[in-house]
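Peer 1:
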Amino acid sequence: MKTSIIGYPRLGAQRELKFATEKYFRGKLTEGELLQSAANLRKIHWQTQKDSGLDFIPSNDFSFYDLLLDTAALFNIIPQQYSDLGLSDLETYFAMARGYQGKAGDVKALAMKKWFNTNYHYLVPEIDDNVEIKLVGTKPLDEYKEAKNLGIETKPVVIGPYTLLKLTRFTENKKSADVVKDLLTAYQTFIDKLDSLGVSWIQLDEPALIFDLTDEDKNFFFEIYKSLLTKKTNLKVLIQTYFGDIRDIYKELIELPIDAIGLDFLEGKKSLELLQKYGFASDKILFAGVINGKNIWKNNYKNTIELLKEISKYTEDIVINTSCSLLHVPYTLKNEKHLDAEYKKHFAFAEEKLEELSDLKAIISSSDPISHIKYKENIDIFKSVRITPNVDVQSKLKKLTDKDFTRLPVFAEREKIQKEEFKFPLLPTTTIGSFPQTDDVRINRAAFRKGELTETAYKNFNKEKIAECIALQENIGLDVLVHGEFERNDMVEYFGECLDGFLFTEKAWVISYGTRGVKPPIIWGDISRLKPITVEYSVYAQSITKQTVKGMLTGPITILNWSFPREDIPFKESSLQIAFAIREEVLDLEANGIRIIQIDEPALREKLPLRKTDWHSEYLDWAVPTFRLVHSGVKPKTQIHTHMCYSEFNDIIPDIDAMDADVISFEASRSDLTIIGALQAAGFKTEVGPGVYDIHSPRVPSITEIKTALSKMLEKLPKEKLWVNPDCGLKTRDNKETIPSLENLVKAAKNIRDNL
Ligand code: GLN
Ligand code: ZN
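In terms of the working numbering, the sequence shown is residues 11 to 766.
1. If I measure Cβ to Cβ from T555 and keep anything under 7 Å in the same chain, skipping five residues before and after, which residues do I get?
2. Using only CA atoms, which one of E352, R424, F445, D670 lies nearest to K308?
3. Over the uninterrupted alpha helix (DSSP H) stretch that includes D764, give me the two end residues.
4. With N485 as the anchor, note down where its alpha helix (DSSP H) starts and where it stops.
5. Does the ligand GLN have even one heavy atom less than 7 Å from the beta-carbon of D215?
6. Apart from the five residues on each side of it in sequence, which residues of its chain come closer than 6 Å, Cβ to Cβ, to A719?
7. Give every residue of the same chain whose Cβ lies closer than 8 Å to the Cβ of D598, excluding the five residues on either side of it in the sequence, and list them in chain order.
8. Among residues of its own chain, excluding the 5 on either side of L97, which ones have a beta-carbon nearer than 7 Å to its beta-carbon?
9. Measuring from each Cβ to the nearest heavy atom of the ligand ZN, keep the ones under 5 Å and list them in chain order.
10. Using the beta-carbon count (16 or more within 10 Å), is Q587 buried or exposed?
11. Quick one: is V401 buried, meaning 16 or more other Cβ sit within 10 Å of its Cβ, or exposed?
12. Output needed for N305: all residues of its chain with C-beta closer than 8 Å, excluding positions within five of it in sequence on either side, in chain order.
13. Suppose contacts are defined by Cβ-Cβ distances below 8 Å. Is N244 in contact with D205 by that definition?
14. Hey, is K741 close to the ligand GLN, as in C-beta under 7 Å from one of its heavy atoms?
15. Which complete alpha helix (DSSP H) runs does the region 254-302 hold, if anything under 4 residues is left out?
16. Go ahead and pull the three-state DSSP assignment for R20.
17. Under 7 Å: does the beta carbon of G443 sit that close to some heavy atom of the ligand GLN?
18. Provide the residue(s) that pair with E697 in DSSP beta bridges, ordered along the chain.
19. For D610, verify whether its CB is less than 7 Å away from any heavy atom of the ligand GLN.
20. Quick one: what's got a C-beta closer than 6 Å to G739's C-beta in the same chain, skipping five residues either side?
21. So what does DSSP say about G561, is it helix, strand or coil?
22. Per DSSP, what kind of secondary structure is Y110 in: helix, strand or coil?
23. Assign I397 to buried or exposed, taking buried as 16 or more other Cβ atoms, counted over all protein chains shown, within 10 Å of its Cβ.
24. Thinking C-beta only, is E497 closer than 8 Å to Y547?
25. Over the uninterrupted beta strand (DSSP E) stretch that includes N140, give me the two end residues.
26. By DSSP, does L570 sit in helix, in strand, or in coil?
27. Of the choices K236, T240, A477, whose alpha-carbon is the least far from that of V559?
28. Would you kindly work out how many angstroms separate the C-alpha atoms of I427 and K280, rounded to a whole number?
29. What does the alpha-carbon distance come out to for the pair K344 and N310?
30. State buried or exposed for R257, treating a residue as buried only when at least 16 other CB atoms are found within 10 Å of its CB.
31. For D378, count neighbouring C-beta atoms within 10 Å of its own C-beta (all shown protein chains included) and say buried if the count is 16 or more, exposed if not.
32. Applying the criterion that 16 or more other CB atoms from any shown protein chain within 10 Å of the CB defines a buried residue, is E136 buried or exposed?
33. Specify, as a first and last residue, the run of the alpha helix (DSSP H) that T199 falls within.
34. What residue does the beta strand (DSSP E) around N331 start on, and which one ends it?
35. Give the straight-line distance between the Cα atoms of V117 and Q111, rounded to the nearest whole angstrom.
36. For H131, verify whether its CB is less than 7 Å away from any heavy atom of the ligand GLN.
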């Protein structure tokens with residue numbers, strides 16, 4: 011059996027690509043220097059893969075910003091507003107990725123969206139009527155040659171035409187059907203070029219096949235591939251899928267005249283069943299995704315070998331593959347100096363996954379697999395008891411009954427009680443929680459981490475910042491105040507650090523988008539709250555003002571979704587444990603006089619299954635009650651807020667309402683307020699604060715502009731239910747734009763309020 015991976019991380023083990031690219035953005039690196047540092051990284055990555063003994067080494071999995079954008083650029087899918095800038099190819103590419111403001115013009119970036127069910131974001135290609143699709147780029151060819159010159163044969167990877175078209179936005183009159191012919195000609199030219207270079211394999215990624223497919227989708231797919239595969243070349247074609255199974259098209263796909271199909275046997279719950287039911291094609295190779303490309307736990311060789319054995323009943327030609335690109339896992343365990351070996355032996359990052367592939371190959375091909383040393387070592391890891399269960403947490407969870415997931419009295423009654431309790435004016439104003447994390451805040455935190463500051467000195471500084479922040483909000487005239495979140499590095503890591511059951515890494519970055527990495531904590535064991543987390547700062551903030559201060563927490567679903575989860579228990583169970591811990595914090599805040607508590611869930615939508623048919627049964631039916639568990643124990647007069655962002659909500663509005671918060675704020679300004687209509691149509695009961703301005707931009711919104719947004723909202727939402735707030739936290743902004751923006755927000759709200 012041979013081995014393969016779908017793609018390798020590109021950022022660099024020390025985030026070299028990030029630093030080089032950002033330096034280039036700041037004008038501190040020339041284009042030539044940037045290209046050189048990228049080539050250096052690719053060389054290291056290819057060499058590492060080759061040294062591991064990997065058989066199919068990908069190329070063109072490198073990107074300066076995003077793979078889908080690369081594919082779009084390759085085929086000249088460049089909307090006119092970017093080509094009109096008249097910039098170099100690389101600059102045009104970055105203009106699409108990040109927007110451009112300069113001598114050549116002023117354009118916004120392409121929209122960014124979540125890549126399937128990952129925390130990676132891709133740029134949404136756009137086709138306007140001027141786009142003329144044709145092969146214009148050479149990146150995959152250049153990278154293939156680059157590797158070849160290093161003595162490394164690679165398999166170029168590009169996004170396939172079906173997925174590309176499915177994820178593209180058509181902004182004018184043209185539709186998929188109008189461009190498909192040109193696109194296929196472009197792919198064909200591209201394939202011919204690879205063929206004449208002597209490339210032996212191409213990997214066409216078609217992850218869009220894992221969605222629910224209609225007959226129309228299927229026909230479209232086959233139309234594309236039948237036309238693409240008419241010419242016989244020496245180049246072998248692998249159609250690679252991941253993030254799920256392809257139950258709607260499997261039976262027909264195995265008939266297609268291609269050389270190999272890549273299936274995901276981990277997230278693809280029905281992949282094995284499909285194989286058992288329909289068999290496989292004798293003229294094709296099966297790239298079997300059995301090594302997890304998304305999570306960081308060591309592979310269980312015994313289980314994997316059994317799975318491969320089962321698979322090999324249906325086909326002999328198998329290549330052992332990862333379930334998806336290794337883009338979604340960190341580089342290497344080698345640089346984790348603080349993590350004890352006892353922990354580390356349970357993990358495999360990208361480099362270690364290469365080792366796993368080579369181990370599996372060696373074990374399977376040996377005459378006596380179960381005596382193979384690598385096999386035995388692996389068995390030992392899984393034999394030992396990894397964690398001691400937290401009996402206290404488990405028994406608390408066992409005692410939960412339906413009552414614990416229901417807050418009483420019902421919403422309408424609480425709303426009355428709270429209107430009486432708080433006596434807020436109409437259209438109350440507030441913020442989402444964080445205030446600008448200025449340099450002094452970061453310096454203070456870094457000094458404390460390095461041990462240069464005592465805990466008291468560190469906390470006192472934060473309290474000074476809180477006092478400043480409270481005074482600022484009082485001056486501006488906001489109705490509900492916040493403490494500013496100066497103590498938090500990150501809304502998930504901060505809570506993880508205060509809970510038992512998490513592990514932290516030093517260098518385990520994964521790309522979130524472009525050059526930005528995140529470092530998710532690892533859920534290692536059962537989770538519990540060791541001590542109060544936010545109480546001291548919230549109570550301090552409340553003690554220095556007569557106005558109401560909101561307590562600010564991160565919700566269990568977001569904490570789970572932005573961590574590397576356990577694989578030995580279901581997500582549901584980990585999230586319930588986290589919910590229980592956060593519930594204790596909620597009750598503690600309430601007992602200490604905090605009357606409004608916000609529980610943020612920006613990542614609620616993230617693990618929503620890719621197939622709509624699974625949405626409720628597999629996710630929402632537990633995620634929504636888990637959120638309710640956090641707040642169901644508070645008094646009727648305590649007001650629970652929540653906040654969501656980064657995604658579309660229009661299709662899960664009843665579920666958001668079922669979270670049963672009293673107030674919800676969310677991102678709306680960038681989606682042109684389309685959500686308001688959806689809220690109205692659904693008869694949304696929860697009070698709402700649709701963001702009135704975009705905090706992702708340094709622009710200061712004018713009073714008129716905010717008034718216009720509010721008036722539009724009031725056309726569809728009852729005035730008693732409307733709150734006024736920005737669309738997300740302010741931590742990435744500067745005070746110089748934040749203060750005037752909030753002043754305008756308050757003035758606009760007062761102005762409209764006076765006329766109601
Ligand atoms: N309360 C958090 C903040 O204001 C919410 C952040 C988020 O939604 N991502 O920063
Ligand atoms: Zn947000």
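The beta-carbon is built from N, C-alpha and C at its ideal position, and this holds for glycine as well.
All of these numbers come straight from a predicted model, not from anything done at the bench.
Peer 2: Well, looking at it:
1. Here residue 555 corresponds to residue number 545 of the sequence shown, with the count starting at 1. I480, E484, L491.
2. Sequence index remark: in the sequence shown, residue 308 carries index 298 (1-based). When only C-alpha atoms are compared, the closest one is E352.
3. Translated into positions along the sequence shown, residue 764 becomes position 754. It spans 745-764 - the alpha helix (DSSP H) in which D764 sits, taken as one unbroken run.
4. As a working mapping, residue 485 is identified with position 475 in the sequence shown. Here the alpha helix (DSSP H) through N485 covers 465-486.
5. One-based indexing of the sequence shown puts residue 215 at position 205. It does not: the Cβ of D215 is nowhere closer than 7 Å to a heavy atom of the ligand GLN.
6. Indexing the sequence shown from 1 puts residue 719 at position 709. Counting only Cβ-Cβ distances below 6 Å, and skipping sequence neighbours, we find V702.
7. To locate residue 598, count along the sequence shown from 1; it is residue 588. Same-chain partners within the cutoff: P542, V545.
8. Here residue 97 refers to the residue found at position 87 of the sequence shown. Excluding positions up to five away in sequence, the list reads A105, A114.
9. P612, C655, C738
10. Here the question's residue 587 lines up with position 577 in the sequence shown. Q587 is buried by the Cβ-count criterion.
11. Counting from 1 along the sequence shown, the entry for residue 401 is found at position 391. Exposed: under 16 other Cβ atoms inside 10 Å.
12. To locate residue 305, count along the sequence shown from 1; it is residue 295. Result list for N305: V339, F574, P575, E577, in chain order.
13. On the sequence shown, position 234 is the one that residue 244 refers to. On the sequence shown, position 195 is the one that residue 205 refers to. Cβ distance < 8 Å, so N244 and D205 count as in contact.
14. The residue given as residue 741 occupies position 731 in the sequence shown. Result yes, Cβ under 7 Å from the ligand GLN.
15. 260-263, 281-288
16. Position 10 of the sequence shown, counted from the first residue, corresponds to residue 20. Three-state DSSP puts R20 in coil, outside helix and strand.
17. One-based indexing of the sequence shown puts residue 443 at position 433. Yes.
18. Along the sequence shown, one-based indexing puts residue 697 at 687. V673.
19. The residue given as residue 610 occupies position 600 in the sequence shown. Yes; taking the cut-off as 7 Å, the Cβ of D610 has a heavy atom of the ligand GLN nearer than that.
20. For the purposes of this step, residue 739 is taken as residue 729 along the sequence shown, with counting starting at 1. The residues are I442, G443, S444.
21. Position 551 of the sequence shown, counted from the first residue, corresponds to residue 561. The answer is strand: DSSP assigns G561 an E or B state.
22. Walking along the sequence shown from the start, residue 110 turns up at place 100. Note: Y110 maps to strand in three-state DSSP.
23. Sequence index remark: in the sequence shown, residue 397 carries index 387 (1-based). Classification for I397: exposed.
24. By one-based count along the sequence shown, residue 547 stands at place 537. By one-based count along the sequence shown, residue 497 stands at place 487. It is a contact, given that the beta carbons lie within the stated cut-off.
25. Stepping through the sequence shown from its first residue, residue 140 is reached at position 130. Here N140 belongs to no beta strand (DSSP E), and DSSP marks it neither H nor E.
26. Position 560 of the sequence shown, counting from 1, holds the residue named residue 570. L570: helix per DSSP, three-state reduction.
27. One-based indexing of the sequence shown puts residue 559 at position 549. Residue A477 is the option with its Cα nearest to V559.
28. By 1-based counting over the sequence shown, the position of residue 427 is 417. By 1-based counting over the sequence shown, the position of residue 280 is 270. Going from the Cα of I427 to the Cα of K280 covers about 50 Å.
29. Position 334 of the sequence shown, counted from the start, is the residue given in the question as residue 344. Position 300 of the sequence shown, counted from the start, is the residue given in the question as residue 310. Between K344 and N310, the C-alpha separation is close to 21 Å.
30. Sequence index remark: in the sequence shown, residue 257 carries index 247 (1-based). When all chains shown are included, R257 counts as buried.
31. As a first step, residue 378 must be located in the sequence shown, where it is residue number 368. With fewer than 16 Cβ atoms within 10 Å of its Cβ, D378 is classed as exposed.
32. Looking up residue 136 in the sequence shown gives position 126. Flag for E136 reads buried.
33. For the purposes of this step, residue 199 is identified with residue 189 of the sequence shown, where counting begins at 1. Segment 186-207, the alpha helix (DSSP H) holding T199.
34. Position 321 of the sequence shown, counted from the first residue, corresponds to residue 331. 328-332 is the span of the beta strand (DSSP E), which, as asked, contains N331.
35. Counted from its first residue, the sequence shown places residue 117 at position 107. Counted from its first residue, the sequence shown places residue 111 at position 101. Between V117 and Q111, the C-alpha separation is close to 6 Å.
36. Here residue 131 is taken as the residue at index 121 of the sequence shown, counted from 1. Outside the cutoff, so no.
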